Amino acid sequence: MTRLALRNLFQSRARLAISVGGVALALMLILALDAVVGWIEARVTAYIDTSGADVWVSQEGVRNMHMASSSFSSSLASGVARVDGVESVTPILYLTNVVEAGPERAVAYIIGLPDRALAGTPSVIRSGGANPGRGGAVIDQGIAEASGIGLGDTVQILGEEFDVVGLSAGTASLTNSIAFISSTDFAGLLANPRVASFLLVRLEPGASAEEVARRIESQVRGVTAQTREEFAAQERKVVRDMSTDLMAIMNLVGFLIGLAVMSLTVYTATLGRRAEYGMLKALGAHNRDLYLTVGVQALVSVALGLAVGLMFTLGLAAIMPLFSANLGLQIRAAALGKAGVAALTFAGASALLPIRQIRGLDPALVFRRR
Amino acid sequence: MASSTLQVLDVTKRFGSGPTEVTAVRRVSLTIDPGEVVLIMGPSGSGKTTLLMMLGALLKPTEGTIRLNGQVISELDEGRLPEVRLRQFGFVFQDFNLLSALTALENVALVAGLAGRKNGEARSRAAAELTRLGLGERLSFLPEKLSGGEKQRVAIARALINDPAILFADEPTANLDSKIGHDIMRLLRSIAKEQGRSVVIVSHDQRIKDIADRVLWLEDGEFKETTTMVIDPVCGMSIEREGAAASAQLNGTTVYFCSRGCRAEYLAEHAL
Chain A
1 MTRLALRNLF QSRARLAISV GGVALALMLI LALDAVVGWI EARVTAYIDT
51 SGADVWVSQE GVRNMHMASS SFSSSLASGV ARVDGVESVT PILYLTNVVE
101 AGPERAVAYI IGLPDRALAG TPSVIRSGGA NPGRGGAVID QGIAEASGIG
151 LGDTVQILGE EFDVVGLSAG TASLTNSIAF ISSTDFAGLL ANPRVASFLL
201 VRLEPGASAE EVARRIESQV RGVTAQTREE FAAQERKVVR DMSTDLMAIM
251 NLVGFLIGLA VMSLTVYTAT LGRRAEYGML KALGAHNRDL YLTVGVQALV
301 SVALGLAVGL MFTLGLAAIM PLFSANLGLQ IRAAALGKAG VAALTFAGAS
351 ALLPIRQIRG LDPALVFRRR
Chain B
371 MASSTLQVLD VTKRFGSGPT EVTAVRRVSL TIDPGEVVLI MGPSGSGKTT
421 LLMMLGALLK PTEGTIRLNG QVISELDEGR LPEVRLRQFG FVFQDFNLLS
471 ALTALENVAL VAGLAGRKNG EARSRAAAEL TRLGLGERLS FLPEKLSGGE
521 KQRVAIARAL INDPAILFAD EPTANLDSKI GHDIMRLLRS IAKEQGRSVV
571 IVSHDQRIKD IADRVLWLED GEFKETTTMV IDPVCGMSIE REGAAASAQL
621 NGTTVYFCSR GCRAEYLAEH AL
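Going line by line, the protein sequences match chains A and B. Going by my numbering, the residue at position 150 of the first sequence is 150; the numbering climbs one at a time, nothing skipped. Here my numbering runs 370 ahead of the position in the second sequence, where the first position is 1.
Quick look at the structure:
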């Protein structure tokens, strides 16, 4: 019966193309959206991951950067520096604002860096320097290219003009980029200049980040200390929480498309071979034999659809960076699992109606004149 | 294959109820012996196909019983009927009803597979059966590449693959030309006579009467007439026993002839 199922499936090529294409489209929607979110999650923590800090210290209760505000007295830095296992402390300032380059306005994390910062500087510099210095700014290369500006040009940040002294890479995502100015310039724009947003802590060799973070929280009042990994995980969680509804809607859309296409094609395929199934029943085939035929057809269709959908998604991931440096796809194993489960659900659900149809099929149908 | 007798006793089939009730078959009784070819004829709507479906365990009678070797099959539950159809009966249809996606070999092997045979065994049996029926060169052909006669022979091979006791053929010559139709009927007769299987044919084709042992005329759901077909031993013509032009008694056996000439020739030869 498996042979019959496969032959039937590949005999109706148009129907097969529709079912495989429909499933592929649906699964691609699910996979691609998850891959976009995966990419954003990876990009959104790129600065944290490459900051060089082992422990991030923030205002008590603040656990991430995105859509958060952290502020405490910069004098706490000396207290943190005295904690056992701490090698260096780099205070940075941080706000979410915009970088204005000519008519272009791009949302950006504005980071205020001290001179000769030991942590927190951009990790990849395409041209110019990594240290902005007084009156200077380091902005993302993609943002600069999109705005048509380069080194020596002027951008406006926090209402002040800065000269572009460096172009960084890997500091932009679909939603925002990162711009670096000096802490001195940054502090000059604040009402209280003796504050810091975060303390970037580097550890002595052999020190445990978890233990040092615990010691900082117990010895310095009013701060929250997390390892770099914990801080990045919190950041990803915020992005994930923000995208959950969108993901759910798009997953539902993808799921419904896949289910509708599969149900329709498997149903019409069964309907089109009603006489053959009736004849097989007349010859002595059990219902279970015929269910197997429908099941195999549904399973093979969704397996092909999954393969094609994955292939398209991989293709999309490969060509996406060619069109936009700020958008990419990162396919995750969990998403593949989710797509696999969705595909199995398509197969199972789409086979239900035809199975019911077969169960009620009268084998005497074969004697009715056409 | 075990020889099987099919016994039909007072079978009635009614469809619908109340004012829309239709009686398709009315108190029909019949016994089909092993190796016998029975032709059921009658006008359209006479109940031929309904009767065939009941004989083939595809339809339950409203009243009466159908027994196969003493076992009442008309009262078996739906779960057990496929086994009876698969192993005891073979079906040949007017439209051939071959699976369009499968080759001739696969069409036959599939039914062997349904009976539990492994793929290799099913395919070798199917190939042997098709070759025996003259289709050895057509094993890998799809039905669309076969002629009508070839399709019907594939259908016959499929019907025979599980070694059934009884073959049911529904208008097997309707979609074939006269010569091919006759070839098919002769093939069915040889299957009955050489292999001892019963063959029940439903048809309105008068030209195929000569291959039957018995012709039953069904009208309004009842058998109106039963004709026993006999062979004239001189000219070999198949004739209706009741309408034979001449007959003769020889050693306690009655012999029937199509004409007085044949009788005279026969008696002259046997008197010597």
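Glycine included, C-beta positions come from ideal geometry on N, C-alpha and C. Quantities reported herein were computed from a predicted structural model and do not represent experimental measurements.
### Message
Taking the alpha carbon of A5 of chain A as the reference point, which residue from A:D289, A:S350, A:A335, A:R236 has its own alpha carbon closest?
### Response
Checked all of A:D289, A:S350, A:A335, A:R236; the closest Cα to A5 of chain A is A:D289.
### Task
Could you name each continuous alpha helix (DSSP H) segment of 4 residues or more that falls completely within the region 453–498 of chain B, going from the start of the chain to the end?
Annotation note: the region 453–498 of chain B contains the following uninterrupted alpha helix (DSSP H) runs of length 4 or greater, listed N- to C-terminal: 474–484.
### Task
Could you work out which residue in A:T90, A:N8, A:E60 is closest to L200 of chain A when comparing CA atoms only?
It is A:T90.
### Query
Shorter than 8 Å from the beta carbon of R450 of chain B to some beta carbon of chain A?
Any Cβ of chain A closer than 8 Å to the Cβ of R450 of chain B would place that residue at the interface, and such an atom is absent.
### Task
Tell whether a beta-carbon distance below 8 Å holds between V395 of chain B and G386 of chain B.
No, they are not a contact pair.
### Task
Give the secondary structure of R397 of chain B by DSSP, where H, G and I count as helix, E and B as strand, and everything else as coil.
Strand.
### Message
Using 8 Å for Cβ pairs, my map puts A525 of chain B next to F459 of chain B. What's the rounded Cβ distance?
### Response
Rounded to the nearest angstrom, the Cβ distance from A525 of chain B to F459 of chain B is 14 Å, too far for a contact under 8 Å.
### Query
Terminal residues of the continuous alpha helix (DSSP H) containing I48 of chain A?
Taken as a continuous stretch (DSSP letters only), the alpha helix (DSSP H) holding I48 of chain A covers 46–49.
### Task
Measure the alpha-carbon distance for P389 of chain B versus D590 of chain B and round it to whole angstroms.
Rounded to the nearest angstrom, the two C-alpha atoms are 18 Å apart.
### Message
Could you tell me the alpha carbon to alpha carbon distance between V378 of chain B and L429 of chain B, rounded to whole angstroms?
### Response
Approximately 14 Å, taken between the alpha carbons.
#### Entry: Same chain, Cβ closer than 7 Å to F413 of chain A, neighbours up to 5 away in sequence not counted
Any property of residue 413 of chain A remains undetermined from this structure, which presents chain A solely from 1 to 370.
### Query
Would a check of beta-carbon distances place V481 of chain B closer than 8 Å to chain A?
So yes, V481 of chain B belongs to the interface.
### Task
Return helix, strand or coil for P603 of chain B, following the three-state DSSP convention.
The answer is coil: DSSP assigns P603 of chain B none of H, G, I, E or B.
### Query
Whose Cβ in chain B lies nearer than 7 Å to the Cβ of A364 of chain A?
Neighbours of A364 of chain A in chain B, taken as residues whose beta carbon is under 7 Å from its own, are M423, L428, L429 in chain order.
### Distance CB(A539 of chain B)-CB(I581 of chain B) smaller than 8 Å
Between A539 of chain B and I581 of chain B, the gap from beta carbon to beta carbon reaches 8 Å or more.
### Message
Once the 5 residues before and after L203 of chain A are set aside, which same chain residues still bring their CB inside 8 Å of it?
### Response
So the qualifying residues of the chain are D54, V55, G85, V86, E87, A209, V212.
### Task
Under the assumption that Q330 of chain A contacts R63 of chain A (Cβ atoms under 8 Å), give the Cβ distance between them as a whole number of angstroms.
Going by Cβ atoms, the distance from Q330 of chain A to R63 of chain A rounds to 23 Å, so no, they are not a contact pair.
### Query
Considering only C-alpha positions, which residue in the set A:S70, A:S147, A:A334, A:T121 is nearest to A106 of chain A?
Per the Cα distances, A:S147.
### Query
Based on the DSSP output, what are the partners of K383 of chain B in its beta bridges?
Answer is B:V395.
### Task
Please confirm whether V407 of chain B and A634 of chain B have their CB atoms less than 8 Å apart.
Cβ distance not < 8 Å, so V407 of chain B and A634 of chain B don't count as in contact.
### Closer than 8 Å to chain B by CB, L16 of chain A
Residue-level contact check: L16 of chain A does not touch chain B, since none of the beta carbons of chain B fall below 8 Å from its beta carbon.
### Query
Would a C-beta distance cut-off of 8 Å place N300 of chain A and P354 of chain A closer than the cut-off?
Before going further, note that residue 300 of chain A is Val rather than Asn in the sequence given. Taking 8 Å as the Cβ cut-off, V300 of chain A and P354 of chain A do not qualify as a contacting pair.
### Query
Of all the CB atoms in chain B, is at least one closer than 8 Å to the CB of R370 of chain A?
Confidence is the limiting factor: at R370 of chain A the pLDDT is only 47, short of 50, which leaves the residue's position unreliable, though a coordinate-based value still follows. Taking Cβ atoms only, chain B reaches closer than 8 Å to R370 of chain A, which makes this a yes.
#### Entry: Contacts that L292 of chain A makes with chain B (C-beta to C-beta distance below 8 Å)
Neighbours of L292 of chain A in chain B, taken as residues whose beta carbon is under 8 Å from its own, are absent, since the nearest beta carbon is some 11 Å off.
### Task
Run down chain B in chain order and give the residues with a C-beta less than 9 Å from the C-beta of L4 of chain A.
Those within 9 Å of L4 of chain A in chain B are L469, A471, L472, E476, L480.
### Query
What does a CB cutoff of less than 7 Å around G519 of chain B pick up in its chain, not counting 5 residues either side in sequence?
The residues are L546, I550, D553, I554.
### Task
Report yes or no: is there a C-beta of chain B within less than 8 Å of the C-beta of R274 of chain A?
No - not a single Cβ of chain B is within 8 Å of the one on R274 of chain A.
#### Entry: Which of helix, strand or coil DSSP assigns to I581 of chain B
For I581 of chain B, the secondary structure class from DSSP, reduced to helix, strand or coil, is helix.
#### Entry: Uninterrupted alpha helix (DSSP H) stretches inside the region 65–110 of chain A (no shorter than 4 residues)
List check, alpha helix (DSSP H) in window: 76–81.
### Message
Can you confirm whether S374 of chain B, when its beta carbon is compared against all beta carbons of chain A, has any partner nearer than 8 Å?
### Response
Under the 8 Å criterion on CB atoms, S374 of chain B is classed as non-interfacial with respect to chain A.
### Message
I need the DSSP call for R370 of chain A, collapsed to helix, strand or coil.
### Response
Confidence in R370 of chain A is poor, its pLDDT being 47 and thus under 50, which makes the residue's placement unreliable; the coordinate value appears in the next sentence. DSSP places R370 of chain A in coil when its eight states are reduced to three.
### Task
Would you list, in chain order, the members of the region 525–543 of chain B that have their beta-carbon closer than 7 Å to a beta-carbon of chain A?
For the region 525–543 of chain B, the set of residues with a beta-carbon nearer than 7 Å to any beta-carbon of chain A comprises D540, in chain order.
### Query
How is M411 of chain B classed by DSSP in three states: helix, strand or coil?
M411 of chain B: strand per DSSP, three-state reduction.
### E211 of chain A, DSSP secondary structure in three states
Helix.
### Query
Given R134 of chain A, which residues of its chain have a CB within under 7 Å of its CB, disregarding the five upstream and five downstream residues?
In chain order, S182, T184, D185 place their CB closer than 7 Å to the CB of R134 of chain A, counting only its own chain and leaving out the 5 sequence neighbours on each side.
### Query
Can you pull the DSSP bridge partners for Q619 of chain B?
As computed with DSSP, Q619 of chain B is found in a beta bridge with B:T624.
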